[in-house]
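Trainee: In the working numbering, the protein residues as written are 11 to 132.
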């Protein structure tokens with residue numbers, strides 16, 4: 011992998027690129043607005059100590075760059091992309107194009123009931 015096309019999934023395009031930001035490999039993703047770095051990895055690294063996993067978990071939970079600590083969200087894959095509902099609104103990715111729809115609290119509750127009920131969100 012590593013070409014401009016990458017691999018297309020219902021959630022976006024992905025590719026592995028060698029030698030980015032000091033990593034042996036970098037997983038990059040394109041969810042409609044260009045390639046972005048996901049995470050770096052090495053095929054040679056092995057985690058031998060559970061404490062290392064604790065460090066990784068803490069980085070994910072507390073690092074300002076982490077997308078996993080910005081508040082609750084729910085994502086729903088669709089036939090042509092995905093919907094993501096967060097505290098600020100609804101993001102739709104369809105056919106590789108991303109559109110953001112800011113919503114107020116009442117609108118967020120309505121969208122949660124309409125689109126995300128199968129996940130128990132309402």
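Glycine is no exception: its CB is placed at the ideal position from the N, C-alpha and C atoms.
Since this is a predicted model, take the numbers as computed values, not measurements.
Report back the beta-carbon spacing between residue 97 and residue 112 to the nearest angstrom; my notes put them in contact at under 8 Å.
Mentor: With a Cβ gap of about 11 Å, residue 97 and residue 112 do not count as contacting.
Trainee: Does DSSP classify residue 102 as helix, strand or coil?
Mentor: Correct three-state label for residue 102: strand.
Trainee: Looking at residue 48: is its Cβ nearer than 8 Å to the Cβ of residue 34?
Mentor: Cβ atoms of residue 48 and residue 34: not closer than 8 Å.
Trainee: Using the Cβ count rule (16 or more neighbours within 10 Å means buried), how would you classify residue 110?
Mentor: Residue 110 comes out exposed.
Trainee: When the Cα atoms are used, what is the spatial distance from residue 40 to residue 124?
Mentor: So the two alpha carbons sit approximately 27 Å from each other.
Trainee: In this structure, how does DSSP classify residue 90 when only helix, strand and coil are distinguished?
Mentor: Here residue 90 sits in coil by DSSP.
Trainee: Once the 5 residues before and after residue 101 are set aside, which same chain residues still bring their CB inside 6 Å of it?
Mentor: These residues qualify, in order along the chain: 94 and 110.
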